[in-house]
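Report on the following structure.
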Amino acid sequence: MTSGLGRDAGAPLVSHPHVDKIAFTGSNATGSKIMTSAAQLVKPICSATSRLLVHESIAAEFLDKLVKWCKNIKTSDPLEEGCRLGPVVSSGQYEKVMKFISIAKDEGATILCGGEYPRHLKKGYYIKPAIITDVKTSMQIWREEVFGSVLCVKTFKIEDEAIELANDTQYGLAAAVLSQDLERGDVNTDTCQQCVETGTSEVLQRCPKQKRATIWYDYCTLRYSNESLFSRPEQSVTSNLTNMQNITDEPERFRQVLGETLNEIVSKAVNNNPSNEKFATKIAKFTASVSLYTLAQCMPYLTSGECDFCLKSAIPILRTCCDNKKGGRVIGESCNIRYEVYSFFGSTVAPAPPHTPNSPPIQPSLPSPSSTSQGNGGISKLVIIAIVVPIAVSFVCLFIIRCFLTRRTRKKAYYAFNEENGFCIDPNHLED
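Residue numbers (UniProt numbering): 1 to 432.
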């Protein structure tokens with residue numbers, strides 16, 4: 001708690017950049033001063049994507065999807081339901097935007113869609129969102145800010161070319177890079193951000209000269225390459241990790257339960273994911289006390305067929321390396337699949353119903369006696385309770401300690417391969 005007069009305590013608090021919220025009770029004059037101080041810390045921005053750089057290997061497919069999406073944008077009165085794009089601010093701005101588009105056509109650019117007045121509207125300064133390709137860097141529409149619903153698209157071959165194109169402007173423009181970090185679908189935003197930031201730092205330290213590298217963590221995967229990452233599923237680099245402890249003396253039944261569960265989550269990751277995360281988990285009951293926690297995920301840019309192929313190619317590797325083991329995973333550059341006997345993903349996943357075939361029967365617990373005989377021994381109920389309760393408590397404590405030590409040993413054995421949290425694989429520098 002900080003106490004003091006407004007000048008000494010209040011003013012520094014309301015003007016400090018790390019204070020996100022102020023709850024205030026007082027006069028209008030003081031409230032106005034607080035608002036004035038807070039306004040100095042606001043960092044407003046005005047940005048819109050008007051230039052788009054797309055790798056040439058995915059440009060055709062990407063533009064096809066982009067044009068279809070663009071044509072479905074509803075341009076209308078902003079008060080209408082479903083409106084996504086309203087009018088420009090004035091007649092002068094309308095003429096300016098239309099002139100940009102007209103000059104671009106005259107200079108040889110291609111208007112894939114939009115760039116005209118919507119026929120269904122009778123009045124107002126409306127322009128259909130335009131996507132323009134075949135743009136040269138010397139064109140006015142590429143070099144100047146349009147301030148209208150116009151997107152210019154250029155392709156690039158290598159990252160250096162993209163960086164040069166992005167920096168070739170006289171303006172201090174906002175920029176963003178869209179890539180493929182394999183982020184776990186069950187990981188919250190803060191954890192994901194920390195994982196990506198750590199991975200970025202690690203990959204720069206561990207793989208400073210490699211042409212391609214992948215770094216895996218429990219919560220994310222980062223990858224870069226001097227070749228296209230998006231054209232096909234990559235199977236050239238895979239690794240498998242195994243918990244060497246056996247799970248059961250029923251290996252056949254274990255294979256059956258695991259196989260059925262893996263096939264189910266592969267199908268779910270491929271087909272039943274409306275958000276296109278290509279991510280699925282499931283908890284399968286193996287015995288009364290053991291559950292199998294499973295996860296499958298593909299890079300989001302893979303098609304459903306490519307994701308299916310990648311995951312199904314990983315399953316035989318998992319069966320070979322981790323048969324009847326307490327945990328294992330196969331991690332590749334385009335997909336990964338994993339199972340454990342402990343929960344390693346978010347708790348929002350609902351557990352699956354128990355696997356019933358061939359399950360060993362659960363032995364019923366013995367009922368507690370409702371009364372105690374005081375036979376010839378003359379032992380009273382109080383004495384029995386006094387003896388039994390401490391013994392029971394001791395057994396429970398010993399059992400909890402044993403479970404803790406076993407779990408700790410298991411995790412230590414499992415993660416012994418990766419004490420430094422992550423590694424990179426580069427076929428061109430295998431010695432690293």
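Ideal Cβ placement from N, Cα and C applies to all residues, glycine included.
Treat the numbers as computed from the prediction; the structure is a model and nothing was measured.
In the three-state scheme derived from DSSP, where H, G and I count as helix and E and B as strand, Asn28 is classed as helix. When the Cα atoms are used, Gln210 and Glu197 turn out to be separated by approximately 19 Å. Checking the DSSP bridge columns, you'll see Ser291 partnered with Lys285. Pairing Gly332 with Cys307 gives a Cβ-Cβ distance that is not under 8 Å. Non-local beta-carbon contacts of Ile73 in its own chain, meaning distances under 7 Å to residues more than five positions away in sequence, involve Arg84, Leu85, Pro129 in chain order. Judged by pairs of C-beta atoms under 8 Å, the region 282-289 does not touch the region 311-323, as fewer than three such pairs exist.
Ser239 is bridged by DSSP to Ile331.
Taking C-beta atoms as the reference points, Arg329 and Asn240 count as a pair closer than 8 Å.
DSSP, read as helix, strand or coil, puts Lys325 in strand. For Tyr171, the closest of Ser343, Trp142, Tyr126 by C-alpha to C-alpha distance is Trp142.
Looking only at Pro12, His55, Leu53, Cys46, the smallest Cα-Cα distance to Ile34 is reached by Pro12.
The C-alpha of Asn336 is placed about 50 Å away from the C-alpha of Tyr94.
Its chain contains Ala213, Ile215, Leu222, Cys424 as the residues whose beta carbon lies nearer than 7 Å to that of Val203, once the 5 sequence neighbours on both sides are disregarded; these appear in chain order. Annotation for Tyr224: no alpha helix (DSSP H) segment contains it, though the beta strand (DSSP E) segment containing it runs 220-224. Looking at the DSSP output, Thr110 sits in a beta bridge with Thr133. Burial state of Ile163 is exposed, judged by a 10 Å Cβ sphere holding fewer than 16 other Cβ atoms. The C-alpha of Ser91 lies about 10 Å from the C-alpha of Tyr126. Cβ-Cβ separation between Cys70 and Gly124: approximately 20 Å, too far for a contact (criterion under 8 Å). Measuring C-alpha to C-alpha distances from Glu260 to each of Ile101, Leu398, Tyr339, Ile103 identifies Tyr339 as the nearest. The shortest C-alpha to C-alpha distance from Ala48 to any of Asn188, Ala296, Ser149, Val153 is the one to Ser149. In the three-state reduction of the DSSP assignment, Arg51 falls in the strand class, which pools E and B. Within the same chain, and ignoring the five residues on either side of Val266 in sequence, the residues whose Cβ sits closer than 8 Å to its Cβ are Ala280, Ala296, Asp308, Leu311, Lys312, Ile315, Ile337. Relative to Val135, the option among Leu53, Thr30, Ile317, Ala269 whose CA is nearest is Leu53. In chain order, Gly86 place their CB closer than 7 Å to the CB of Pro78, counting only its own chain and leaving out the 5 sequence neighbours on each side. Beta bridge pairing from DSSP links Thr155 with Val54.
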